[in-house]
Each structure stands twice: as C-alpha cells, then as structure tokens.
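Note sheet for the following structure.
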Amino acid sequence: MNQLISLKCQNCQANLNGENNSKVFFCHTCGRCFNVGEDKLHEFPVLYIKPQIVKTLEQVYFPFWQFESLYTFYGEGEAGDNRNSRVFYIPAFFIKNINNFGDIGFYYMKNNTVLEPESRRNLGVFPADRDINRAAQYPYMYMCKENTKRIKNDFSNLTMKHQKAAMALVPFYKTENYYYDSILFWKYPSGALI
Amino acid sequence: MKVEVSGCNTCGAPLPLVENQFVTECRYCRNKYYVHQDIPPAVILKPQIDKNTARDIVLKELKDNEIAANFFHNSLFERAVLYFIPFYELRGIKAGFSPPAPDKPKEYNYLAYDYLEKANDLNDLSLDFFESSIVEDAILTAEQMPFNPVEMRKMGVVIPPKNIMALIKNENPHAREAVENYHRLIYFPVWEISYSFQGIVFKSYASAIDGRPMKIQALRSHKKKLRMALFGLLALAIFLGRGIHVGGGPLIVTAIFGLPVAAILFPYFWEIFAFQEIVEMRGEMVDYQTINYTENSFIKLSRKLVEGFTNLLGMGKGIKSKNESIDQS
Chain A
21 MNQLISLKCQ NCQANLNGEN NSKVFFCHTC GRCFNVGEDK LHEFPVLYIK
71 PQIVKTLEQV YFPFWQFESL YTFYGEGEAG DNRNSRVFYI PAFFIKNINN
121 FGDIGFYYMK NNTVLEPESR RNLGVFPADR DINRAAQYPY MYMCKENTKR
171 IKNDFSNLTM KHQKAAMALV PFYKTENYYY DSILFWKYPS GALI
Chain B
15 MKVEVSGCNT CGAPLPLVEN QFVTECRYCR NKYYVHQDIP PAVILKPQID
65 KNTARDIVLK ELKDNEIAAN FFHNSLFERA VLYFIPFYEL RGIKAGFSPP
115 APDKPKEYNY LAYDYLEKAN DLNDLSLDFF ESSIVEDAIL TAEQMPFNPV
165 EMRKMGVVIP PKNIMALIKN ENPHAREAVE NYHRLIYFPV WEISYSFQGI
215 VFKSYASAID GRPMKIQALR SHKKKLRMAL FGLLALAIFL GRGIHVGGGP
265 LIVTAIFGLP VAAILFPYFW EIFAFQEIVE MRGEMVDYQT INYTENSFIK
315 LSRKLVEGFT NLLGMGKGIK SKNESIDQS
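As you go down the protein sequences, you meet chains A and B in turn.
Quick note: the first sequence uses our numbering, first residue 21, plus one each step.
Quick note: the second sequence uses our numbering, first residue 15, plus one each step.
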C-alpha cells in the first residue's frame, strides 16, 4: 500500500483530475491524458470527437480508448496478403448490463467518427477506470463478434497488432437521470456507466 | 478501516493512506498521489433523502391496516441515523462462443456479469434484511461520490466491511472466458428511524437514495388479530366438520359439526395470531415477531380467558411458558 505515484501533469506540473476508482487521469490545464502504470504515469494523446447529433443539452466528455490496429485472417478462402488496418473505440469506463444497454464501442467501430479540430476543454470528463491493458483485449473481441463465421473455434486464424493508441473524448448529453451519446444518441441510465 | 501514514514526496508532511482510497491529497502542499493497493476501490452512493423526508416516509407507512390504529398518533419520534452499509460489487466481461446448440449457428458474443454481496453480515445491527434488488436499482440511479471516510462520518455511521470478498461464481457449465473483472466496495446509505410506543423502541429503515421503505416495525392491529383468529377458527371448524358430518352439506351445517373440536384447538390459533405482536413489513413480505410489551385491558382479558380455558382442558403448557415471559416485562 506504500507505492505512491504523483498525480502531476508531466508537461505543465498541474494536478491531474480523476476519481478514486479511476485508472486514467486528465490535465484540465493542458488537456493531456495519463494512464496509471505499475510505477509511473504513461501519457497518451487526446483526440476530440465531433458530435453527429447536436442537441442543446448539458454536455460532458466520455473517454474512449482509440486503437489503430492491423489484423490478418489466415486459412481456407483467405488467399494472399489480407492485412488490414482498422480503428477501434473502446469505452474507458464499464457499461453495466451491456446486453440490455448495448455496447457502444462495437457500434462506434462501424461508424465513421470525425475528429473535432477545436476542443472545448471546459467540459468535464467522466471518470475512467478501464486502463489501457484491459482495453487492448477488446479490438480482438470486436473482430471475433463481427466475423463469427470466419473465426475458428480455437481463434487460431486471426492475428492482431495494435499500432497506435490514443484517448478519444466523445461528447455525451447529460439529463437528470440519463446520458445520451452524441454519435448514435443511445440512452444510458446514469448508474449504468461506471 | 486501516490507515497508514506515509510522507509527502514534495513537502515531507505526513500523508495518511486510507484503505480503499486510491487517490489522496497532501493537506499542506495540495499535491495528489495515486496509491497502489491490492484491495478494491470504494465509492459511496450519495444520499438523496434528508432526515425529515425519511421520517415522514416511515411515519406514513405506520397508517397501514396491519398496524394498530393508535400507533401512529401515540408513537414518539426518537432519532434518525444514517448508516452506510458496505457491499462488494463484482463485475466484468466474459467472452467466447455460445454453448453448442443443435438448431443454432455458431455465435461469438460477450456478456457483462454483475454480482452484489454483503460485505458485513449486519446481524448486530438488525439490518440483515437487505434485498439486493433495492441496492441494484439504487446503483443505476444514484449519484456516486468518491470515497471519503471523514465526510461519511460527518453524515452518519460507517459500517466497516468484514467478509472476505466474493469470488467469481460459476453460473454456467459452459463458462466463457472472463476477459476482465473488477471489484468495488459500494457504501449504500440507509436511514434508521427510531420511535417509541408505550416505552418500547421500534426501528424502521428506509433507503436514503429513493426513500423506499425497507423494514417497518410497529405494533400489530388488535382488530386484525381477532379477525384472523376467528377466521382461523371458522376454517378449522369447516375442515373438521367435513369429516364428522358424513355426506357433506351446506358450509354452516358442516361448521356447526366441527365447532366443538375447533373450539378445543382455538387456543392454539389464538397463540399463533394474537400474541405475536410486532409486525414487520419488508417490501411485499409481512413478518411477525413476539415481543414483551405493556398489555392493555383488552389483550389482558383475552389472554386470561385463553389461559383459563387452556388450563381447564389441561393443554396450555406451551402457551403458559410464553406468557411468563410477557409477565416478566
């Protein structure tokens, strides 16, 4: 219990913001993002996603891990060099009852998200307790789900390699008891997102 | 709750490290630290109901038909205490191919699992009645506050976690691979409202999130008791009469035949319904408990009659022993 990691921005030395159960901390001064590692903080670039559905409601940024990954299918019917690159969005928070409320990250992968050049840093950021190591398993799961018929039972014909990782902040609309995302406009009870 | 003291890396001031609190701040130089721990982080569900609202909710429940009519008017409010009850939450994701089925194609999917387990059995506090659905609903709707033991103690009583953390339950023989799992300690706030009636203190509990009454304790309605005992007598008379009155017939006639036997067994019905005095309502469930209390003239007379009647028939041993405990009060 004695190992302390100083929560200071490595760029501007400001105190980082995050909740008690967060694994990812943000600097509200210079807009950087840090993942808590074993013994130090790891910095990741921050991207801002443009809302596709615009509403006049209170907004808050929700953190998503963004991976750019190379994947390859092997086996019968997968002739030639079929290496492909793809962008994945993994929520950096946990969604309760994912089967009822829907896995937003899987559908963002299919949706063409657009980056916003100017960030609105005055918006708060939802706490993130899914660190990058846990999030890194999800692109593989998403690919398996999307290509169920192509995948062998022992998963031996799909390989994947992550090339880049970043933190993508997606604006969500906040009402009294619910959050709505600004890409698909799905509705989540406030306690379903942890 | 364990507290260790370390030193601030910047100013050297003593830095208290509290169990379950992962982010801590130096009180002198305001530097923040992340503390690595092997135990789960904790959160608090923010209480949304104040003391007066909780008291009103509980008092409103005392007008129920099950409860004695004079209880609401004559009971005196004693105190309201906010308790923070600890729960372990285990949540995670499992992924893999669905279990093989003859008519279904192969399907890869992942599902979230979520378990709640009491972190303290709460027997000492008579708070062992929790339905996990109340807490699950509250988690979905309540605002969550960062864990801060000092602030919590200003608001109410913090019950420490005792039990060992739950392990992943194997609910499926074709258990899928657990991709990730998290543990969390959740403090659920509950109002305890105490009020006294004829010198006895009763305690009721309501959720401090949505005000849902969780346990209401009161004195049971005398009218209701008498009605239930008479109804039991009649039902027993009809049941016994069917055996005695050969050939069947109208219910009244059957009842008359069964009445003498039922009258002999009536004291036991009275024992079941009349001398069990506290009524406890927990959601849809109603439970009764025997207590020692100051008798009014109606109850005293009824008890004497039943005692006399059962002694006359030489079958009141069981009843007498309970009445002795009442007399001792």
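Where a beta carbon is used, it is the ideal one built from N, C-alpha and C, also for glycine.
I'd like the ranges of any beta strand (DSSP E) spanning at least 3 consecutive residues and lying wholly in the segment 72 to 137 of chain B. 90 to 111 and 122 to 132
Hey, could you find the ends of the alpha helix (DSSP H) Pro-163/B is sitting in? Locating residue 163/B in the second sequence gives position 149, where the first residue counts as 1. Pro-163/B -> alpha helix (DSSP H) spans 163 to 169.
Closest by CA to Val-74/A, which one among Lys-194/A, Leu-213/A and Lys-184/A? For the purposes of this step, residue 74/A is taken as residue 54 along the first sequence, with counting starting at 1. The shortest C-alpha separation from Val-74/A is found at Lys-194/A.
Mind listing the chain B neighbours of Ala-112/A? Cutoff is C-beta to C-beta under 9 Å, in chain order. Here residue 112/A corresponds to residue number 92 of the first sequence, with the count starting at 1. The premise fails here: Ala-112/A is roughly 12 Å from chain B at the closest Cβ pair, so nothing lies under 9 Å.
Any Cβ of chain B within less than 7 Å of the Cβ of Gly-211/A? Counted from its first residue, the first sequence places residue 211/A at position 191. By this cut-off, Gly-211/A is an interface position.
Starting from Asn-45/B, trace the beta strand (DSSP E) in both directions and tell me its first and last residue. Taking the second sequence and counting its residues from 1, one reaches residue 45/B at position 31. That residue, Asn-45/B, is in no beta strand (DSSP E); it is neither H nor E in DSSP.
Counting contacts by CB-CB distance shorter than 7 Å, is Asp-224/B in contact with chain A? Along the second sequence, read from residue 1 onward, the residue named residue 224/B stands at position 210. Asp-224/B does not count as touching chain A.
Counting only beta-carbon separations shorter than 7 Å, does Cys-29/A have a partner in chain B? Translated into positions along the first sequence, residue 29/A becomes position 9. Output row for Cys-29/A: interface = no.
Would you tell me roughly how many angstroms separate the C-alpha atoms of Asp-135/B and Lys-176/B, rounded to the nearest one? Translated into positions along the second sequence, residue 135/B becomes position 121. Translated into positions along the second sequence, residue 176/B becomes position 162. If I take the Cα positions, the gap works out to 8 Å.
Count the other CB atoms within 10 Å of the CB of Asp-341/B; is the residue buried (16 or more) or exposed (fewer)? Position 327 of the second sequence, counted from the first residue, corresponds to residue 341/B. Since pLDDT at Asp-341/B reaches only 37, below the 50 mark, its modelled position is unreliable, and the value read off the structure follows with that caveat. Exposed.
Reduced DSSP category for Asn-184/B - H, G, I as helix; E, B as strand; rest coil: Along the second sequence, read from residue 1 onward, the residue named residue 184/B stands at position 170. For Asn-184/B, the predicted model reports a pLDDT of 43, less than 50, meaning its position is unreliable; a value from the coordinates is still stated below. Here Asn-184/B sits in coil by DSSP.
Pick from Met-159/B, Ala-133/B, Ile-207/B and Leu-247/B that is closest to Ser-42/A, judged by C-alpha positions: In the first sequence, residue 42/A corresponds to position 22, counting from 1. Out of Met-159/B, Ala-133/B, Ile-207/B and Leu-247/B, Met-159/B has the C-alpha closest to the C-alpha of Ser-42/A.
Please name the residues in the segment 117 to 130 of chain B whose beta-carbon is closer than 7 Å to at least one beta-carbon of chain A, in chain order. Lys-120, Glu-121, Tyr-122, Asn-123, Tyr-124, Leu-125, Ala-126 and Asp-128
Going by DSSP, what residue range makes up the beta strand (DSSP E) through Lys-217/B? Taking the first residue of the second sequence as 1, we reach residue 217/B at position 203. Judged by DSSP secondary structure, Lys-217/B falls within the beta strand (DSSP E) whose first and last residues are 214 to 221.
Counted within 10 angstroms of its Cβ, other Cβ atoms place Lys-116/A as buried (16 or more) or exposed: Taking the first residue of the first sequence as 1, we reach residue 116/A at position 96. It is buried - the Cβ of Lys-116/A has at least 16 other Cβ atoms within 10 Å.
Which listed residue (Phe-54/A, Glu-39/A and Lys-70/A) has its alpha carbon closest to that of Val-134/A: On the first sequence, position 114 is the one that residue 134/A refers to. Nearest option by C-alpha distance: Lys-70/A.
In the DSSP assignment, find the unbroken alpha helix (DSSP H) run with Cys-164/A in it and report its ends. Taking the first sequence and counting its residues from 1, the one referred to as residue 164/A is at position 144. Here the alpha helix (DSSP H) through Cys-164/A covers 158 to 166.
Reduced DSSP secondary structure (H/G/I, E/B, other) of Ala-276/B: Start at 1 with the first residue of the second sequence, and residue 276/B comes out as number 262. Reduced to three states, the DSSP call for Ala-276/B is helix.
Assuming the contact rule is C-beta atoms closer than 8 Å, Ile-71/B and Pro-227/B should be a hit. Round their C-beta distance to whole Å, please. If you number the second sequence from 1, residue 71/B lands on position 57. If you number the second sequence from 1, residue 227/B lands on position 213. About 6 Å; that satisfies the 8 Å criterion.
Following the continuous beta strand (DSSP E) through Thr-24/B, name the residue where it begins and the one where it ends. What you label residue 24/B is simply residue 10 of the second sequence in a count that begins at 1. Per DSSP, Thr-24/B lies in no beta strand (DSSP E) and is assigned neither H nor E.
Can you give me the C-alpha to C-alpha distance between Glu-166/A and Pro-159/A, rounded to a whole angstrom? Numbered from its first residue, the first sequence carries residue 166/A at position 146. Numbered from its first residue, the first sequence carries residue 159/A at position 139. If I take the Cα positions, the gap works out to 11 Å.
Under 7 Å Cβ-Cβ, which residues of chain A neighbour Lys-345/B? Chain B is shown from 15 up to 343; residue 345/B falls before or after that span and cannot be answered.
Beta-carbon of Leu-154/B versus every beta-carbon of chain A: anything under 7 Å? Your numbering for residue 154/B matches position 140 in the second sequence. It does; some Cβ of chain A falls within 7 Å.
Inter-residue Cα distance where the pair is Gly-125/A and Leu-29/B: Against the first sequence, residue 125/A aligns to sequence position 105. Against the second sequence, residue 29/B aligns to sequence position 15. Going from the Cα of Gly-125/A to the Cα of Leu-29/B covers about 39 Å.
Determine, using beta carbons only, whether Leu-189/A and Pro-83/A come nearer to each other than 7 Å. Locating residue 189/A in the first sequence gives position 169, where the first residue counts as 1. Locating residue 83/A in the first sequence gives position 63, where the first residue counts as 1. Yes, they are a contact pair.
So that I know if they touch, is there some Cβ in chain B lying closer than 7 Å to that of Pro-71/A? What you label residue 71/A is simply residue 51 of the first sequence in a count that begins at 1. Pro-71/A does not count as touching chain B.
Count the other CB atoms within 10 Å of the CB of Asn-195/B; is the residue buried (16 or more) or exposed (fewer)? Counting from 1 along the second sequence, the entry for residue 195/B is found at position 181. That one is exposed.
Bounding residues of the beta strand (DSSP E) (the contiguous stretch that carries Ser-146/B): Within the second sequence, residue 146/B is the residue found at index 132, counting from 1. Careful: Ser-146/B lies outside any beta strand (DSSP E), inside the alpha helix (DSSP H) at 146 to 155.
Taking the straight line between their C-alpha atoms, what separation do you get for Ile-223/B and Glu-150/B? Within the second sequence, numbered from 1, the residue matching residue 223/B stands at position 209. Within the second sequence, numbered from 1, the residue matching residue 150/B stands at position 136. The straight-line gap from Cα to Cα measures roughly 11 Å.
Any idea which residues DSSP pairs Cys-53/A with across the strands? The residue labelled residue 53/A in the question sits at position 33 within the first sequence. Beta-bridge pairing links Cys-53/A to Phe-46/A and Phe-64/A.
So for Asp-70/B, helix, strand or coil by DSSP? Here residue 70/B is taken as the residue at index 56 of the second sequence, counted from 1. Reduced to three states, the DSSP call for Asp-70/B is helix.
Using 7 Å as the limit for Cβ to Cβ distance, is Asn-40/A near chain B? In the first sequence, the residue the question calls residue 40/A occupies position 20. Interface residue, yes.
Expected contact under 8 Å - CB spacing of Phe-85/B and Ala-232/B to nearest Å: The residue labelled residue 85/B in the question sits at position 71 within the second sequence. The residue labelled residue 232/B in the question sits at position 218 within the second sequence. Their Cβ separation, rounded to whole angstroms, is 5 Å, which keeps Phe-85/B and Ala-232/B in contact under 8 Å.
Is it buried or exposed for Glu-338/B, if we count other Cβ within 10 angstroms and need 16 for buried? Here the question's residue 338/B lines up with position 324 in the second sequence. Reliability fails at Glu-338/B, whose pLDDT of 38 lies under 50, so the model's placement of it is uncertain and no value is given.
Would you list, in chain order, the members of the segment 47 to 69 of chain B that have their beta-carbon closer than 9 Å to a beta-carbon of chain A? Those residues of the segment 47 to 69 of chain B placed with their C-beta closer than 9 Å to a C-beta in chain A are Tyr-47, Tyr-48, Val-49, His-50, Gln-51, Asp-52, Ile-53, Pro-54, Pro-55, Ala-56, Val-57 and Leu-59, ordered along the chain.
Compare the C-beta of Phe-253/B with all C-beta atoms of chain A and state if any pair is closer than 7 Å. The residue labelled residue 253/B in the question sits at position 239 within the second sequence. Not an interface residue.
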